Structure formats: structure tokens, C-alpha cells
Amino acid sequence: MTPTREIYWNISWGLAVYPIAIISIAIMALGIYARVNRWRAGRPSEKPSEISLRIWRTLVNALGQARILREGYAGVMHLLIFWGFVVLFIGTLLVMVHEDFHIRVLQGNFYLGYKLALNIFGLGAIVGILMAAFRRYVIKARRLDSDRAFAIAIAFIFVILVTGFLVEGFRIAATELTQHPDWAPWSLGGYGVALIVRGIGEPTLLTLHAATWWFHMITAFTFIAFCIGWSTQSHILLAPVNVFLMRLRPKGALKTIADFKDKGALGMGSVRDAVWKDLVDSDVCVRCGRCHERCPAASTGKPLSPRTIVQKIKNQLHMETVGLPWHSGGNGARPQPNPIVGQNISDDEIWSCTTCGACHYECPIFVEPMTKIVELRRHEVMVRGKMPETAQVAMVSLQKRGHPWTGTPHMRTEWANDLNLNQLSKAGPSEGRSNLLFWVGCSGALVDRNMLVSQAMARILQRAGVEFYVLGNEETCCGDPARRVGNEYLFQSLAKKNIKILQHYQVKTILTTCPHCFNTFKNEYPDLGGVFEVVHHTQFIASLLAQGKLKLDPPSIQSLTFHDPCYLGRHNDVYEPPRSVAQAAGGSDIREMVRSRERSFCCGGGGGRAWMEETIGTRINQMRTREALSTGASIVGTACPFCLQMFEDGIKGIDAGERIRVLDLAELVGQALQTTEATPRQVTEVPLG
Ligand code: SF4
Ligand code: SF4
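Structure (C-alpha cells):
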């Protein structure tokens, strides 16, 4: 006989599941609709473009669970539950197709394979649920907060899965075990249950089967209606939507304000000022805590947690749209413009962020806490005129002197006094087109420690025979500090001035030793009309080495660890060139810190933090210095002026000067430049960019 089974076997009124399903789906849809409508309380977002790329990324991250799988235990756990859910859902649809649409698919070998697949994935989902409960309630993973809705949801899923196997087991015990014993083992879980209950008399088995079947159905539809429709479990439907809507601009680029007369566009003062996408982001956050765990501010005892920021925006949205769930958007009533900062989120929270981007990298569903923090800062700075006093001093200096370093005794060109460099102003516009512009940056030109790096870089270029120019006194800040603290107006005025000068000299390629300048020119100036080829000095040196244009002495450094600057690594994916340079100049003993590359831990100097006091918790630079020390390396190499300063302070702060010192990779190469001619050493070719 062809293997198959009667679908509503032993169930009277089985078709009653349809009205129940319709009611359940309607309640769920109402919940989802209420949420979607709440999002409309915000300002319009740009319409999604590049649809095929979005679909691809949604498939990779929703079906493939790519980001979730970055973490072993949590990734496997979620994968088991997710795919268990998907396969059981498909299995249920096939039952409908077979029975109610009379397309007999569940028969023969397909039916046996179907049974096996559903059982494997169902058992996998149970393992996943047990792993989730174990992690949250037994080992109590630190990053997870208490969430009653989560407890209810996993209890529901567990009951649904277990009762599914019980129903199957009772049916097999009453039918297949005696009538078709060769079909039964294909239902791994159900067969196991059947072997246990087979001693029970048939009438009792039938009663147990029917009762469990109804209990299973009612529980499943209750879960769909209330958990998926009205709780965090709506992420099953909404997380893929958020992934689809992800921002596709370069990772390191902040949004450009197009109209400063539009007061609502000057950052996020209330949920009314938030763009639609920021509200979707906040609403779908599942409180997994991955961002919290990696945040340098949260890890060092500051009051900031990216998860909490997102949750507070979500809570404010929900609070302010209570009573308006059906007409909060469009032309209907809108929530009151209640301030977020000061009322719901504290000043210390928003000013603790280093804009390191770790929260963006970690979030499995592409929520962006950092951009919300910058939006909150923008409102504080541009509308309320509030920011930490020390940051204010730096901004005034930027406005008046074109750099943020108040109290520097140096002039812009002093660092190059003995170097005999060419200035574009003396060369004429066309020289910029065919030659490299070395953008020195405010720190490189005005801070003693960083001036050494600029000098080393200039010598490297001269030694390699590269023709290059500098802007000299015409150079001002690229604007990064202003933009990161939220002073978008000041950023744009600096950026536009720089673009005008660079375009006047027809500059094509900019070389910079600062990842912040690098990121700003590369990713943020294009929005304002400044499109240049931008190269970081580690990329450039790696390329010179690969071409044999630099000859270095044999490495004398014993061991080196490289600290990935956030704006070079995480924001711009430049990881190999610095390592290649470090290896060529420092030797093969490169020791990675526990947190490196994409997961590098911030030095504490980004996001304008270099100009703010750090008075709460452990100093971030000291925590990072300890990580560098734990590698046993004698040098910590870096490639960013802020990281260099932060490590200098960190090393002093923990009195570790005798064990480790910090060098920019340009300094390392500068020290290794051969004084005599020799055969150039070959290193692995590293592409620019
Ligand atoms: S950008 Fe970095 S410091 Fe800011 S919230 Fe995210 S992880 Fe924390
Ligand atoms: S923002 Fe993302 S990573 Fe952070 S708690 Fe929410 S879902 Fe998790």
C-alpha cells in the first residue's frame, strides 16, 4: 500500500480550525497594523532603492541567518528554532494542499521524506528552545535582560512543539505501529512517543489524541495571534522587513541634512522628528543585547547602552501613540513633541558614545543605535544649543581657527619646517590633478605626538620618489569632530570650504594618515559634491612596499600587536594593508588582541570624545591598553592620530611605559627605512581600497 495518512484522523469538526485560524491571523494582523501605523508618527524616510540588492541581503540574513551565526551558541540556537519554524510551517501548508485543495502530495516516498524532515526540524527546534532557556535562565548570559514576554513566548513554542510530537505519537500508536510498522520509524519523534504509549488501551489513546490535537491547535493559534502580533516575537515577521529597509549608504557616512530651515530635520528632539526608518528600527529591536555587550561605553561602566537607547525611543513612541494607534500617521493625529533627551534619555547617555560602530556591526537585524544617538546630539546642539563644555570649546576653536586643538602652540606648517615640501598654492591648480595631495589633518599638523607621524609619512613619500603636495595654511579641519558631536551646520560649512579649495586645485587623490579624515572625504563629502579618490597611509605604504619602492632594514621589533582604528576597520573595512605594513616593518611576530578587526574595541577617542572629559567608569583607553598588554607584545601599532593619543594616555595611566609603547605604522616604517641602497624586499601585494 502507498504510504500516506488520513489528515483529520480521529478529529471531529476538524474544519473548525479554519475559522479559528482566520480569527487568530486577524488578531495578529491588527497587532502588526497598529505597530506599522505607529511608525508613521515619524517623518518620511527616503524610498528604498536597489531592490534586488535588498532582496539578496534579506535572504542572506533572514533565511541564511548570516549575522546571527556570527556567534556560535546563540547563532546555532536561533538557526534551529528559525528553520524548525519554517519547515513546520511549510509542512502545515502541505497538509492544507493535500486535504483541502485535494492535491494529493502527501503519499508514497514523498510522504515518508516529509515525515522525516518535519521530525528532524521539529526536534531541532526543541533543542533550540532548550538551549535558549538554558542560556537565559541557567547560565544567565550577562547581556540578556529580564523579559517576561520572552519567557511566555518560549514556553508557548515549547508546548506547541511537544504537543505536536504527542499528537503524532498517539496516532502512530493507534494506527501505524500495528497496521504499517515500516512507515512509523520515519516519524522519529512521534515513533519514540508511540513506543512509550503503545501499552495504553485504544479508547484512551483516541481520547488523548483528540484532546492533544485540539490543545496543540489552540495553543498554536494563540501564539500566532498574541505573541507574533503583539509582542517582541513579531520580529519573526518584522525583522526581515527591517533588513530589507537597511540603509545602503557607506557604513561610515552619517545622513546629510539638506535643509537647515526645516527645524524638524535638525536631529531627533521627539519621536515626531525621527524618520520613519528610525522608528521601525527601534520597534523591531529584540533586546538580544549583542550591541550592549560590545559597546565600549557600556563595557566600561558608562550610563550608555545602545540597546537601552533603542528601547527608550521605542517606549516613548508607544507611550505617545497610545490612544492613537489607528490614526497616528499621515494626516491624522500625531504624538506630542515631548523631548526625548532630558526626559527619557540622559545627557550622559548620548555624550558617552564614541561612534565606534560596534553596535551597528553586531546587530543581527540591522538596527542602528549609533545614528540615533547622533540624531539626538544634533537636536541638542543645533536646536537647544547644549553640549559638554569641553566639546563646546573645541567647536568654537573649529569655527574661529579651523581646528579643534585649543592651546596648541604650533602653526599649521611648522611640522614640515625641515622637509622642504611643495605647497599647492605655490604650484598652481593643474598640479593637483596629476599629483597626490597629502592631507595632514589637524592632529598631524598641530599635536606634537602626531606631528612625528606626519614627518615620518612625508619622509616615506620622499624616499619612495612620490611627487606630492600639501595644502599648508589652506588646510582646515575636515569637519569630522563637528559632525560626530552633532554640529552638522559647522561640518557642512567646513566641508564646503574644503571642497571648494580641493576643486580649485583640481585634486584627484587625497592621502591621509587619519581614518576620520579618510572616512569623511571618502564617504561623506560626495553628498556635498566633493568626489575624490581617497587613500589611507597604510594602504599607500602597503602598495609602495608591494611595488618595491621602499627598502626597509630587516625587522628589529620583537613583537607587535595592531589596534584596528574604528574608522579604518569597522567603518571602512581596511584590515589587511596595515597588517601587511606591520609585518614588513615590524616582523612576523604580529599578535592579535582578543578583540581585533571587525570586533576591535574602540580606543575611546572617536565621536568627539577626544575633546570631552571621561569621568564615569573605567577609562576606555586603559581597558584597551590592558588588552594590548595581554598579548605580550612590546609595540602596539596603530594608524590613527586619536588612537595614538589615547594609547599614549592609556599607557601612562596604567604605568605600563616600560612594557609597551605605541607607534603609528608610518613611524615604524620610517624607522625601518634603509639608509643604504639594497634589493627591495617583496611583500604580499595589497590592493588599494
Ligand atoms: S557606536 Fe559604539 S559607543 Fe556608540 S553606542 Fe554604538 S557601540 Fe556604543
Ligand atoms: S539593537 Fe540589535 S543588537 Fe541591540 S538589542 Fe536590539 S536587536 Fe539586539
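One rule links them: number in this note's numbering = place in the sequence shown (from 1) + 2.
For glycine and all other residues, C-beta sits at the position ideal for the given N, C-alpha and C.
Remember, predicted model here, so these are calculated numbers, not experimental data.
Within the same chain, Cβ atoms closer than 8 Å to the Cβ of Gln464 are found at Leu421, the five residues on either side in sequence being excluded. The beta carbon of Val129 is closer than 7 Å to those of Leu82 in its chain, skipping five residues each way along the sequence. Looking at the backbone, the Cα of His538 and that of Gln560 are separated by about 26 Å.
Your pair Leu439 and Leu513 checks out as a contact, with CB atoms roughly 7 Å apart and the cut at 8 Å. The set of residues with CB atoms less than 6 Å from any heavy atom of ligand 2 reads, in chain order, Cys287, Val288, Arg289, Cys290, Gly291, Arg292, Cys293, Pro308, Arg309, Val312, Glu364, Cys365, Ile367, Val369 and Pro371. In the DSSP assignment, Val78 falls outside any beta strand (DSSP E) and within the unbroken alpha helix (DSSP H) covering Gly74 to Glu101.
Taking C-alpha positions only, Thr221 is separated from Thr165 by approximately 9 Å. For Leu562, the enclosing beta strand (DSSP E) stretches over residues Leu562 to Phe564.
Taking a 10 Å sphere around the C-beta of Thr617, we find fewer than 16 other C-beta atoms and assign the residue as exposed. Only buried fits Gln318, as 16 or more other CB atoms lie within 10 angstroms of its CB.
A straight line joining the alpha-carbon of Ala143 with that of Arg599 spans about 24 Å. Rounded to the nearest angstrom, the gap between the Cα atoms of Pro341 and Trp278 is 17 Å.
Nearest to Ala393 by C-alpha distance, out of Arg40, Gly488 and Val449, is Gly488. Taken through DSSP and simplified to helix, strand or coil, Asn424 comes out as strand. Per the DSSP secondary-structure output, Asp666 pairs in a beta bridge with Thr640. Assignment of Val472 by DSSP, reduced to helix, strand and coil, places it in the strand class.
Excluding the 5 residues flanking it on each side, Val288 has same chain C-beta neighbours closer than 6 Å at Thr234 and His237, in chain order. Contact between Asn346 and Arg414 does not hold, since their C-beta atoms are separated by about 43 Å, which reaches or exceeds 8 Å.
Residue range Val19 to Trp41 is occupied by the alpha helix (DSSP H) that includes Ile27. For Glu526, the three-state secondary structure derived from DSSP is helix.
Here Val277 is bridged, per DSSP, to Arg45. Not one heavy atom of ligand 1 is found less than 7 Å from the C-beta of Thr511. Ligand 1 has a heavy atom closer than 7 Å to the beta-carbon of Arg296.
No Cβ-Cβ contact shorter than 8 Å links Leu256 with Arg45.
Taking the Cα positions, Thr180 is about 23 Å away from Ala119. By the neighbour-count criterion, in which 16 or more other beta carbons inside 10 Å mark a residue as buried, Gln549 falls on the exposed side. Looking at the DSSP output, Trp441 bridges to Thr514. Of all C-beta pairs linking the segment 560 to 579 to the segment 600 to 613, three or more are shorter than 8 Å, placing the two stretches in contact. Straight through space, the alpha carbons of Ile592 and Ile501 are spaced by roughly 39 Å. In chain order, Thr234 and Arg289 place their CB closer than 8 Å to the CB of Asp149, counting only its own chain and leaving out the 5 sequence neighbours on each side. Lys374 is the residue among Leu250, Lys374, Leu631 and Ala587 whose C-alpha sits nearest the C-alpha of Met270.
Considered as a whole, the segment 330 to 415 harbours 349 to 353, 360 to 364, 371 to 380 and 391 to 403 as its complete alpha helix (DSSP H) runs of no fewer than 4 residues, in chain order. At the C-beta level, Glu364 and Arg292 come within 8 Å of one another.
By DSSP's assignment, Glu535 forms a beta bridge with Thr511. In the DSSP assignment, Asn317 falls within the unbroken alpha helix (DSSP H) covering Pro308 to Glu322. Linking Gln673 to Gly531 through their CA atoms gives a straight-line distance of about 39 Å.
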